[in-house]
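Residue numbers (this note's numbering): 1042 to 1386.
Quick reminder that beta carbons are idealized off the backbone N, C-alpha and C, glycines included.
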Ligand SMILES: NC(=O)N[C@@H](CC(=O)O)C(=O)O
Ligand SMILES: [Zn+2]
Ligand SMILES: [Zn+2]
């Protein structure tokens, strides 16, 4: 039995840090566990310009605990009027690490997202040419499509064609939830990868209804059937360099989750490594955790691996019912549960 695990410092390739008071409340959790994170741009208004991204990066740095060396990696929110030259400039200046594609109205703050990806040809050509990754929230919004099929239909209708038309474009299919997504990534080239969240490794769709409606299990893409969860778990622990850690930590204050039309998003930053490690432990794949958490993502993005390490110990930790105080208190993933590993340094 392994009692202590030390790995290279990990990165989180999908994070919502929000802004204002919430940013100050949640940034320390991510900065404690991760060296770098890809920061999602779905603020209101969204981060679409180099100037807005630079200013947001400064606000993030100001929200970090004293002495933190955490690096926020910024992303550009694509709209129908995205300008290839502005994006290339932001990338050249070291502001933007990637572009984020939200299909219009697919998720939180995506109203300004892209209505027709084919209209973005010049941007996509530019991304392909300069090797800047395109991060995709891969769901269709067609109301005719069953909600649980939104990801699979996106892959069929949009992603296949995108990869055919831009065969060298670096694509990250974010927060994958289905066997179809796993198969698509496994069948594509080395330029196509996916992030995997803790919740899609732990929960199937029964979690939404267990004992009554469970708003804290609701995120997008919504959790799926058990066979999909198992496919995503297999991918995560497979050792394939094309699957890597992206928590999609997405805090919403308690009142905005527990309401008639509750927000999508799970706040998993406080115990993210512990949550993933429970899965790798259960799958007898502790030796594959470092690749998933600390290596595959950096290599895909073409960034250096981190120096330094983090250590986790096999010891019970009780996840609190609420993280933080007052207006920015958020219910964390695994609230009230005991996890078997704890980050100790
Ligand atoms: N994942 C979620 O359920 N919510 C995210 C948006 C997103 O990543 O789609 C959010 O910003 O709240
Ligand atoms: Zn998303
Ligand atoms: Zn997200």
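- The beta-carbon distance between residue 1134 and residue 1181, rounded to whole angstroms, is 34 Å. This is too long to meet the 8 Å contact definition.
- Ranked by how close their Cα comes to the Cα of residue 1114, the residues 1151, 1071, 1271 have 1071 in first place.
- Taking one beta carbon from each stretch, the region 1189 to 1209 and the region 1248 to 1255 have fewer than 3 pairs nearer than 8 Å; the two do not touch.
- With a minimum length of 4 residues, the unbroken runs of alpha helix (DSSP H) contained wholly in the region 1239 to 1313 fall at 1240 to 1243, 1267 to 1277, 1295 to 1298.
- Excluding its 5 nearest sequence neighbours in each direction, residue 1212 has C-beta neighbours in its own chain below 6 Å: 1175, 1233, listed in chain order.
- Under the three-state reduction of DSSP, residue 1098 is assigned to helix.
- Residue 1328 is bridged by DSSP to nothing; it lacks a bridge partner.
- Closest in C-alpha terms to residue 1117, from the list 1103, 1142, 1100, comes 1142.
- Taken from the Cβ of residue 1319, every heavy atom of ligand 3 lies 7 Å or farther away.
- Under the three-state reduction of DSSP output, residue 1107 falls in the coil class, being neither helix nor strand.
- Bounds of any alpha helix (DSSP H) do not take in residue 1368, whose DSSP letter is neither H nor E.
- In the three-state DSSP reduction, residue 1337 falls in the helix class (H, G or I).
- Distances from the CB of residue 1072 to the heavy atoms of ligand 3 are all 7 Å or more.
- Apart from sequence neighbours up to five positions away, the residues of its chain that approach residue 1077 with a beta-carbon distance below 6 Å are 1052, 1112, 1114, ordered along the chain.
- Leaving aside the five residues that flank residue 1105 on each side, the residues in its chain whose CB is nearer than 8 Å to its CB run, in chain order, 1068, 1069, 1072, 1111.
- By the neighbour-count definition (other C-beta atoms within 10 Å, threshold 16), residue 1289 is a buried residue.
- Bridge partners of residue 1384 according to DSSP: 1353.
- For residue 1163, the enclosing alpha helix (DSSP H) starts and ends at 1162 to 1171.
- In the displayed model, residue 1048 falls within a strand according to three-state DSSP.
- Selection 1229, 1074, 1109, 1261 evaluated against residue 1151 yields 1261 as nearest (Cα-Cα).
- For the pair of segments examined, the region 1275 to 1288 was found to touch the region 1320 to 1338: the number of CB pairs separated by less than 8 Å reaches three.
- In terms of side-chain proximity, the C-beta atom of residue 1182 is found no nearer than 7 Å to any non-hydrogen atom of ligand 2.
- In its chain, beyond the 5 residues on either side, 1067, 1290, 1291, 1292, 1293, 1364, 1371, 1372, 1373, 1374 have a beta carbon closer than 8 Å to the beta carbon of residue 1308.
- Counting of Cβ neighbours within 10 angstroms places residue 1247 among the exposed residues, the total staying below 16.
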